[in-house]
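Numbering (our numbering), first residue to last: 10 to 159. These notes are about the structure you will find just below.
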Amino acid sequence: MKTCLVIIKKNDFFLFIRKLRGLGKGFITFPGGKIEENESEKDCAVRETKEEIGIKIVELIQVAKIDFYLEDKLAEEMTVFISSKFEGIPTETDEAIPMWLNYVPYEEMWEDDRIWLPLVLEEKKIYCKFTFSDNWKKFLGGNCNLCEFT
Numbered sequence: 010m011k012t013c014l015v016i017i018k019k020n021d022f023f024l025f026i027r028k029l030r031g032l033g034k035g036f037i038t039f040p041g042g043k044i045e046e047n048e049s050e051k052d053c054a055v056r057e058t059k060e061e062i063g064i065k066i067v068e069l070i071q072v073a074k075i076d077f078y079l080e081d082k083l084a085e086e087m088t089v090f091i092s093s094k095f096e097g098i099p100t101e102t103d104e105a106i107p108m109w110l111n112y113v114p115y116e117e118m119w120e121d122d123r124i125w126l127p128l129v130l131e132e133k134k135i136y137c138k139f140t141f142s143d144n145w146k147k148f149l150g151g152n153c154n155l156c157e158f159t
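Now the structure itself:
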């Protein structure tokens with residue numbers, strides 16, 4: 010499965026969401042979701058952000074590619090973007106509650122976020138590989154390496 014994720018920044022604040030359904034329900038994360046057939050990663054990021062919190066992303070910069078394994082099987086390939094250019098006001102939907110925060114609430118996020126997110130927030134471009142148990146319940150580890158995207 011291929012997915013996208015968008016980190017939205019405004020001044021010293023980041024636009025997080027609390028997921029209300031699906032994988033990661035209850036966690037704090039960023040807008041994103043599954044890439045549809047014949048859709049680019051960037052188009053996914055724009056669509057998912059509009060669907061989840063009602064804003065239109067104007068510019069995207071790719072900052073990470075993350076592969077998630079369930080035990081030894083590749084389960085998800087996520088492309089991560091960052092944006093500070095958008096239109097509209099974030100609005101709660103049945104999918105997510107948006108919140109502007111000037112800190113990162115790691116204790117309410119996926120465990121792997123503690124590894125890759127600080128690197129991205131330092132404006133590094135990275136490729137990561139993480140492993141979870143078969144049911145996504147237990148984080149088994151992983152790492153990140155610096156890279157470039159074309």
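All residues carry an ideal CB built from backbone N, CA and C; glycine is no exception.
Test item: CB-CB of residue i and residue j under 8 angstroms
| i | j | result |
| --- | --- | --- |
| LYS65 | GLU96 | yes |
| VAL55 | VAL129 | no |
| THR12 | GLU85 | yes |
| ILE163 | PHE39 | The chain is shown from 10 up to 159; residue 163 falls before or after that span and cannot be answered. |
| ASN124 | CYS156 | The question names Asn, but residue 124 is Ile in the sequence shown. No, they are not a contact pair. |
| GLU80 | ASP143 | yes |
| LEU32 | TRP145 | yes |
Residue i (DSSP reduced to helix, strand or coil)
| i | result |
| --- | --- |
| TRP125 | helix |
| TYR115 | helix |
| LEU130 | helix |
| PRO107 | strand |
| GLY33 | coil |
| MET87 | strand |
| LYS146 | coil |
| THR159 | coil |
| ASN154 | strand |
Opening and closing residue of the beta strand (DSSP E) in which residue i lies
| i | result |
| --- | --- |
| ARG56 | Premise fails: ARG56 lies in the alpha helix (DSSP H), 50-62, not in any beta strand (DSSP E). |
| LYS19 | 11-19 |
| ASP76 | 65-79 |
| ILE98 | Here ILE98 belongs to no beta strand (DSSP E), and DSSP marks it neither H nor E. |
| VAL137 | The sequence given here places Cys at residue 137; Val does not occur at that position. Segment 135-141, the beta strand (DSSP E) holding CYS137. |
| PHE25 | 22-28 |
For residue j and residue i, the rounded distance between their alpha carbons
| i | j | result |
| --- | --- | --- |
| GLU101 | TRP109 | 12 angstroms |
| LYS51 | ASP21 | 24 angstroms |
| PRO127 | PRO114 | 12 angstroms |
| GLU104 | LYS28 | 6 angstroms |
| VAL82 | SER92 | Just to set this straight, residue 82 is Lys in the shown sequence, not Val. Those two C-alpha atoms are separated by around 31 angstroms. |
| LEU149 | LYS34 | 20 angstroms |
| TYR112 | PHE23 | 8 angstroms |
| GLY41 | ASN154 | 22 angstroms |
| PRO99 | ILE106 | 9 angstroms |
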